[in-house]
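> Numbering (the numbering used here), first residue to last: 4 to 303. Using N, Cα and C, we set each Cβ at its ideal position, and we do this for glycine too. Because the structure is a prediction, the values reported are computed rather than measured.
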Amino acid sequence: MRLPSTQALRALEAFARHGTIWQAAAELNITRSAVSHQLRFLEQDLGFVLLQRAGKGVALTPQGKRYAADVRKALTVLTDAAVQYGDRGVLQGAITVSSTPGFASFWLCTHVAEFKQLYPDVTLRVVTPQRLDDVDAPGVDAFIAYGDGDWPRHSVELLSAVDFMPVCSPALLNQIGGLGEPVDVFRTVLLHLDGLGDWLNWFAAAGIVGPNVEQGVIFSDMNLVLAAAIAGQGIAIGDNFVCRHMLDTGRLVRPFDLAIRSSRSYYFVTERARAGNPAIQAFADWLKSRLVQTTVLLHP
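Below is the structure:
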């Protein structure tokens with residue numbers, strides 16, 4: 004069998020990650036019909052079905068999902084090889100990146116040394132914004148923002164969708180004798196970020212009505228929310244992305260399987276005039292490559 008085209012494989016990987024043709028087309032800067040044609044041509048080359056009807060749209064078949072996961076791994080290897088063997092020493096400059104506090108603390112800070120090893124002559128400064136969707140702070144070259152993606156004056160790339168679920172410390176779970184039903188969360192303190200919205204959305208998905216949601220403690224920073232949760236002070240709404248390491252190491256646990264997809268996501272955002280800056284582009288390429296590997300680990 005001949006090797007499928009790289010463009011078709013990139014179309015499959017983007018579609019698998021986003022779940023929609025139009026989002027894949029926007030990322031690849033091609034038309035929706037072009038993405039559809041690429042996927043159909045790929046099916047013909049492979050000899051098995053990748054797509055199936057899903058309501059008014061299409062979705063990957065189980066076989067298509069497994070193949071897309073392997074394609075993502077292969078593309079990551081190719082991207083990493085290009086970075087590893089490229090002429091890294093030529094790239095110089097200084098960039099300031101604004102990142103949401105949770106993303107910065109629980110992901111960027113655990114990987115950022117790798118970027119410096121790859122680009123030792125690029126000076127990187129990381130700051131945190133007051134608003135999670137801020138993409139206009141002066142003196143900032145690029146933003147890792149959390150929002151709806153609607154920043155029309157900017158270049159916007161999706162980094163990761165977000166699934167929310169309750170998280171707490173195993174010590175708290177043992178202390179209160181476990182949580183059998185979603186409504187049992189009211190036996191402990193609810194920990195909120197900014198407002199009540201995340202918990203209200205999860206309660207709606209769990210079919211909970213009636214109890215007083217306003218009880219608890221409201222924090223202005225996700226670092227504080229998770230610090231309180233780890234210390235056994237209550238139960239928080241965390242996300243699969245920021246909380247991954249704490250869940251993997253057992254510092255936090257998920258008392259329920261129910262998770263909800265957030266209407267907001269993490270995006271890499273730059274002013275259009277700065278999008279071609281080599282240092283910014285190098286950081287963006289490294290960030291996306293590393294996140295793809297994280298996504299593979301989350302969804303093997």
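Which class does residue 181 belong to by DSSP, given the choice of helix, strand or coil?
What you label residue 181 is simply residue 178 of the sequence shown in a count that begins at 1. Correct three-state label for residue 181: coil.
> Output needed for residue 143: all residues of its chain with C-beta closer than 6 Å, excluding positions within five of it in sequence on either side, in chain order.
Taking the sequence shown and counting its residues from 1, one reaches residue 143 at position 140. Result list for residue 143: 99, 101, in chain order.
> For residue 243, count the other beta carbons within 10 Å of its own beta carbon; 16 or more makes it buried, fewer makes it exposed. Which is it?
Position 240 of the sequence shown, counted from the first residue, corresponds to residue 243. Classification of residue 243: buried, given that the 10 Å Cβ count is 16 or more.
> Mapping DSSP to helix, strand and coil, what is residue 145?
In the sequence shown, residue 145 corresponds to position 142, counting from 1. Residue 145: strand per DSSP, three-state reduction.
> Given a cut-off of 8 Å on the beta-carbon distance, is the pair residue 114 and residue 293 in contact?
Here the question's residue 114 lines up with position 111 in the sequence shown. Here the question's residue 293 lines up with position 290 in the sequence shown. It is a contact, given that the beta carbons lie within the stated cut-off.
> Taking 8 Å as the threshold, find out whether the stretch 267–286 comes into contact with the stretch 135–155 through three or more Cβ pairs.
With the cut-off at 8 Å, the stretch 267–286 and the stretch 135–155 touch.
> Between the Cα of residue 109 and those of 227, 259, 280, 265, spot the shortest distance and give me the residue it belongs to.
Position 106 of the sequence shown, counting from 1, holds the residue named residue 109. When only C-alpha atoms are compared, the closest one is 227.
> Judging by CA-CA distance, which residue of 15, 163, 236 is the nearest neighbour of residue 77?
Counting from one through the sequence shown, the residue named residue 77 turns up at place 74. Among 15, 163, 236, the Cα nearest to that of residue 77 is on 15.
> Leaving out the 5 sequence neighbours to the left and right, which residues in its chain are closer than 6 Å to residue 233 when beta-carbon positions are compared?
For the purposes of this step, residue 233 is identified with residue 230 of the sequence shown, where counting begins at 1. 172, 254.
> Does the beta-carbon of residue 217 have 16 or more other beta-carbons within 10 angstroms, so that it is buried, or is it exposed?
Translated into positions along the sequence shown, residue 217 becomes position 214. Classification for residue 217: exposed.
> Shortest alpha-carbon distance to residue 264 belongs to which of 165, 239, 210?
The residue given as residue 264 occupies position 261 in the sequence shown. The option with the nearest alpha carbon to residue 264 is 165.
> For my contact list, residue 261 and residue 208 are in at a C-beta cut-off of 8 Å; report their separation, rounded to the angstrom.
What you label residue 261 is simply residue 258 of the sequence shown in a count that begins at 1. What you label residue 208 is simply residue 205 of the sequence shown in a count that begins at 1. Right, the Cβ-Cβ distance comes to about 6 Å (below 8 Å), so this counts as a contact.
> So, for residue 38: in the same chain, excluding its five sequence neighbours on each side, which residues have a beta-carbon less than 6 Å away from its beta-carbon?
Here residue 38 refers to the residue found at position 35 of the sequence shown. Closer than 6 Å at Cβ, skipping near neighbours: 14, 24, 27, 28.
> Nearest to residue 22 by CA position, among 62, 69, 112, 141, is which residue?
Counted from its first residue, the sequence shown places residue 22 at position 19. Nearest of 62, 69, 112, 141 to residue 22, Cα basis: 62.
> Taking the alpha carbon of residue 235 as the reference point, which residue from 175, 80, 46, 35 has its own alpha carbon closest?
Looking up residue 235 in the sequence shown gives position 232. Closest option to residue 235, Cα to Cα, is 175.
> Are the Cβ atoms of residue 256 and residue 192 separated by less than 8 Å?
The count along the sequence shown starts at 1 and reaches residue 256 at position 253. The count along the sequence shown starts at 1 and reaches residue 192 at position 189. No, Cβ-Cβ distance for residue 256 and residue 192 is not below 8 Å.
> Take every Cβ of the stretch 281–295, pair it with every Cβ of the stretch 187–203, and state whether three or more of those distances are shorter than 8 Å.
In short, these stretches do not touch, since the Cβ pair count stays below three.
> Which word fits residue 41, buried or exposed, when buried means at least 16 other C-beta atoms lie within 10 angstroms of its C-beta?
Taking the first residue of the sequence shown as 1, we reach residue 41 at position 38. Buried, because 16 or more other Cβ atoms sit within 10 Å of the Cβ of residue 41.
> Buried or exposed: which applies to residue 18, given that a residue is buried once 16 or more other Cβ atoms fall within 10 Å of its Cβ?
Working through the sequence shown from its first residue, we reach residue 18 at position 15. It counts as buried.
> Would a C-beta distance cut-off of 8 Å place residue 104 and residue 131 closer than the cut-off?
Residue 104 sits at position 101 when you count from the first residue of the sequence shown. Residue 131 sits at position 128 when you count from the first residue of the sequence shown. Contact flag set, yes.
> List the endpoints of the continuous alpha helix (DSSP H) containing residue 45.
Taking the first residue of the sequence shown as 1, we reach residue 45 at position 42. Run containing residue 45: 35–49, per the alpha helix (DSSP H) assignment.
> Are the CB atoms of residue 152 and residue 161 within a distance shorter than 8 Å?
Sequence index remark: in the sequence shown, residue 161 carries index 158 (1-based). Sequence index remark: in the sequence shown, residue 152 carries index 149 (1-based). Yes, these two residues count as a Cβ contact at 8 Å.
> Looking only at its own chain, which residues have a Cβ that is under 8 Å from the Cβ of residue 220, when we skip the five neighbours before and after it?
As a working mapping, residue 220 is identified with position 217 in the sequence shown. Within the same chain, residue 220 has close Cβ partners 192, 193, 194, 195, 231, 236, 237.
> Cutting at 8 Å between CB atoms, please list the residues of its own chain near residue 60, excluding the five before and the five after it.
Here residue 60 is taken as the residue at index 57 of the sequence shown, counted from 1. Closer than 8 Å at the Cβ level, and outside the excluded window around residue 60, lie 23, 24.
> Check the DSSP bridge columns for residue 224 and list the partner residues they point to.
For the purposes of this step, residue 224 is identified with residue 221 of the sequence shown, where counting begins at 1. DSSP, once it has assigned bridges, lists no residue as partnering residue 224.
> Just reading off the alpha helix (DSSP H) that residue 55 is part of, what are its end residues?
Counting from 1 along the sequence shown, the entry for residue 55 is found at position 52. Segment 54–57 is the beta strand (DSSP E) holding residue 55; no alpha helix (DSSP H) there.
> Taking the alpha carbon of residue 6 as the point to measure from, which residue in 30, 222, 44 has its own alpha carbon closest?
Locating residue 6 in the sequence shown gives position 3, counting from the first residue. Nearest of 30, 222, 44 to residue 6, Cα basis: 44.
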